[in-house]
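Data block below; observations after.
Residue numbers (our numbering), protein chains in the order written: chain A, 9 to 186; chain B, 9 to 186.
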């Protein structure tokens with residue numbers, strides 16, 4: 009082997025070594041880029057699922073609050089005809105003492121019934137002589153305005169309405185003067 | 009500059025270059041390690057918050073279900089004394105026609121009241137002649153066993169109890185034969 013050849017070989021080896029190093033560096037750079045990309049994506053996913061979690065908790069708190077606020081709505085709706093019928097029964101006039109006792113008892117029941125509903129935020133809508141309000145009243149008949157009456161006044165409540173907090177369970181059925 | 013010095017300088021430069029490369033490689037390795045660690049930690053955090061999200065959604069669904077299931081409990085508890093008083097009023101005996109009409113009306117109200125409660129899963133506990141069950145009955149008096157009676161039988165219900173689905177709102181107050 010001549011000197012020139014050896015040098016040539018050495019140079020080739022060096023070039024090969026440099027090529028290998030360049031390849032390794034490229035691989036390393038690509039690995040770092042890949043890792044950085046994956047890390048950013050995972051961080052992004054993490055932040056998004058965390059935000060989702062916060063939203064869900066907020067929404068659930070609101071739902072829980074609403075569910076508690078209006079929890080009595082279904083039972084109240086079932087009970088409104090019961091209260092109506094109790095009122096109707098109390099319109100029956102009686103005379104003898106035992107019957108008056110019964111009526112007095114039923115009146116007390118009626119009052120405690122209304123109180124029990126009130127304690128859960130269920131209130132009577134009974135707007136006699138009040139201005140007609142379509143949010144809470146349903147006009148089922150119109151009557152000619154008499155002297156001294158304001159227009160759009162409720163002159164008679166045919167069936168009482170009921171509200172549950174800020175919701176109307178049933179509007180009052182009314183006769184309006186116009 | 010002598011040849012030896014120049015060679016020495018070259019060697020020094022090479023050593024410095026090698027040192028620098030070693031340092032760079034070490035830094036790169038450490039960077040990759042750091043990135044890998046951060047990626048693993050972030051992935052771990054992501055998985056944990058995702059699991060937490062799944063748990064919270066499951067728990068919320070259960071809470072919503074329970075809230076719906078027992079939604080009428082508060083109003084029902086308020087209404088039990090009303091039903092009691094209605095029953096008590098109906099024990100008053102009357103004779104004349106108008107009073108009988110009133111009583112009939114109130115009986116219908118009572119029945120529709122009990123039906124309205126039932127539609128929300130509220131049931132009467134009235135265990136006359138049934139075996140005493142401490143889960144649903146409260147013994148307020150014990151009576152000597154009479155002939156033909158089984159021990160631990162409810163002989164009389166002093167106050168009816170009520171249940172809401174699988175919950176007891178109020179146990180029945182009973183007299184038990186022993």
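Glycine included, every Cβ here is placed at the ideal spot set by N, Cα and C.
Three-state secondary structure (DSSP) of residue 38 of chain B: As a working note, residue 38 of chain B is residue 30 in the second chain. Three-state DSSP puts residue 38 of chain B in a helix.
Going along the chain, which residues of its own chain have a beta-carbon closer than 8 angstroms to the beta-carbon of residue 98 of chain B, five neighbours each way excluded? Numbered from its first residue, the second chain carries residue 98 of chain B at position 90. Closer than 8 angstroms at the Cβ level, and outside the excluded window around residue 98 of chain B, lie 111, 114, 115, 118.
Outcome for residue 135 of chain B when other beta-carbon atoms lying within 10 angstroms are tallied against a minimum of 16: Working through the second chain from its first residue, we reach residue 135 of chain B at position 127. Flag for residue 135 of chain B reads buried.
Output yes or no for whether 9 angstroms exceeds the beta carbon distance between residue 154 of chain B and residue 185 of chain B. What you label residue 154 of chain B is simply residue 146 of the second chain in a count that begins at 1. What you label residue 185 of chain B is simply residue 177 of the second chain in a count that begins at 1. A contact, by the Cβ cut-off of 9 angstroms.
Identity of the residue in A/181, A/175, A/158 nearest residue 169 of chain A by Cα: The residue given as residue 169 of chain A occupies position 161 in the first chain. Among A/181, A/175, A/158, the Cα nearest to that of residue 169 of chain A belongs to A/181.
Measure the alpha-carbon distance for residue 46 of chain A versus residue 28 of chain B and round it to whole angstroms. In the first chain, counting from the first residue as 1, residue 46 of chain A sits at position 38. In the second chain, counting from the first residue as 1, residue 28 of chain B sits at position 20. Each residue's Cα considered, the two are about 29 angstroms apart.
Using the beta-carbon of each residue, which ones in chain A are nearer than 7 angstroms to residue 110 of chain B? Here residue 110 of chain B refers to the residue found at position 102 of the second chain. Within 7 angstroms Cβ-Cβ: 97, 100, 102, 107, 110, 111.
In the DSSP assignment, find the unbroken alpha helix (DSSP H) run with residue 147 of chain B in it and report its ends. Residue 147 of chain B sits at position 139 when you count from the first residue of the second chain. First-last for residue 147 of chain B: 145-151, but that is the beta strand (DSSP E), not the alpha helix (DSSP H).
So which residues on chain A does residue 152 of chain B lean against when the C-beta distance must stay under 9 angstroms? As a position in the second chain, residue 152 of chain B is number 144, starting the count at 1. Within 9 angstroms Cβ-Cβ: nothing; residue 152 of chain B doesn't reach chain A, min ~35 angstroms.
Delimiting residues of the alpha helix (DSSP H) encompassing residue 107 of chain A: Along the first chain, one-based indexing puts residue 107 of chain A at 99. First-last of the alpha helix (DSSP H) with residue 107 of chain A: 105-127.
Per-residue burial, residue 142 of chain A [other beta carbons within 10 Å of its own, 16 or more giving buried]: Reading the first chain from its first residue, position 134 is the one you call residue 142 of chain A. Exposed.
Would residue 89 of chain A and residue 144 of chain A be called neighbours here (beta carbons separated by less than 9 angstroms)? In the first chain, residue 89 of chain A corresponds to position 81, counting from 1. In the first chain, residue 144 of chain A corresponds to position 136, counting from 1. Contact: no.
Which residues, taken in chain order from the stretch 38-72 of chain A, show a beta carbon closer than 8 angstroms to some beta carbon of chain B? 39, 40, 43, 44, 46, 47, 50, 51, 53, 54, 57, 58, 60, 61, 64, 65, 68, 71, 72
Rounded to a whole number of angstroms, what is the C-alpha to C-alpha distance between residue 162 of chain B and residue 94 of chain B? Position 154 of the second chain, counted from the first residue, corresponds to residue 162 of chain B. Position 86 of the second chain, counted from the first residue, corresponds to residue 94 of chain B. Roughly 24 angstroms separates the two Cα atoms.
Closer than 7 angstroms, Cβ to any Cβ of chain A: which residues of the stretch 115-135 of chain B, in chain order? 116, 117, 120, 121, 124, 127, 128
Beta-carbon spacing of residue 131 of chain B, residue 171 of chain B below 9 angstroms: On the second chain, residue 131 of chain B is found 123 positions in, with the first residue counted as 1. On the second chain, residue 171 of chain B is found 163 positions in, with the first residue counted as 1. It is a contact, given that the beta carbons lie within the stated cut-off.
Residue 165 of chain B bridges to which residues according to DSSP? For the purposes of this step, residue 165 of chain B is taken as residue 157 along the second chain, with counting starting at 1. The partner list for residue 165 of chain B (beta bridge, DSSP) reads B/182.
For a contact defined as C-beta to C-beta under 8 angstroms, what are the partners of residue 93 of chain B on chain A? Here residue 93 of chain B refers to the residue found at position 85 when the second chain is read from its first residue. Those are 113, 116, 117, 120, listed as they occur along chain A.
Is any beta-carbon of chain A found at less than 9 angstroms from that of residue 30 of chain B? What you label residue 30 of chain B is simply residue 22 of the second chain in a count that begins at 1. So, not an interface residue.
Answer yes or no: does any C-beta atom of chain A fall closer than 9 angstroms to that of residue 89 of chain B? Translated into the one-based positions of the second chain, residue 89 of chain B becomes position 81. True, the Cβ-Cβ gap to chain A drops below 9 angstroms.
Can you check whether the CB of residue 36 of chain B is closer than 9 angstroms to the CB of residue 40 of chain A? Here residue 40 of chain A is taken as the residue at index 32 of the first chain, counted from 1. Here residue 36 of chain B is taken as the residue at index 28 of the second chain, counted from 1. Cβ distance < 9 angstroms, so residue 40 of chain A and residue 36 of chain B count as in contact.
Short of 7 angstroms in beta carbon distance, which residues of its chain neighbour residue 77 of chain B, apart from the five on each side in sequence? Order them along the chain. The sequence position of residue 77 of chain B within the second chain is 69, counting from 1. Within the same chain, residue 77 of chain B has close Cβ partners 173.
List the residues of chain A that residue 23 of chain B touches, going by C-beta distances under 9 angstroms, in chain order. In the second chain, the residue the question calls residue 23 of chain B occupies position 15. Per Cβ cutoff of 9 angstroms: no residues; residue 23 of chain B is ~17 angstroms from chain A at best.
Interface flag, residue 36 of chain A vs chain B, CB-CB below 9 angstroms: By 1-based counting over the first chain, the position of residue 36 of chain A is 28. Yes, contact with chain B.
Strictly below 8 angstroms CB to CB, what residues from chain B border residue 80 of chain A? Locating residue 80 of chain A in the first chain gives position 72, where the first residue counts as 1. Correct list: 79, 80, 82, 83.
For residue 140 of chain B and residue 160 of chain B, the rounded distance between their alpha carbons: Position 152 of the second chain, counted from the first residue, corresponds to residue 160 of chain B. Position 132 of the second chain, counted from the first residue, corresponds to residue 140 of chain B. Taking the straight line from one Cα to the other gives about 6 angstroms.
For residue 19 of chain A, would you say it is in contact with chain B, using Cβ-to-Cβ distances shorter than 9 angstroms as the test? By one-based count along the first chain, residue 19 of chain A stands at place 11. No, residue 19 of chain A lies away from the interface with chain B (no Cβ there is under 9 angstroms from its Cβ).
Is there a Cβ from chain B that is less than 9 angstroms from the Cβ of residue 75 of chain A? Stepping through the first chain from its first residue, residue 75 of chain A is reached at position 67. By this cut-off, residue 75 of chain A is an interface position.
Taking the C-alpha atoms as reference points, what is the distance between residue 68 of chain B and residue 105 of chain A? Residue numbering aside, residue 68 of chain B sits at position 60 when the second chain is read from its first letter. Residue numbering aside, residue 105 of chain A sits at position 97 when the first chain is read from its first letter. Approximately 57 angstroms between the Cα atoms of the pair.
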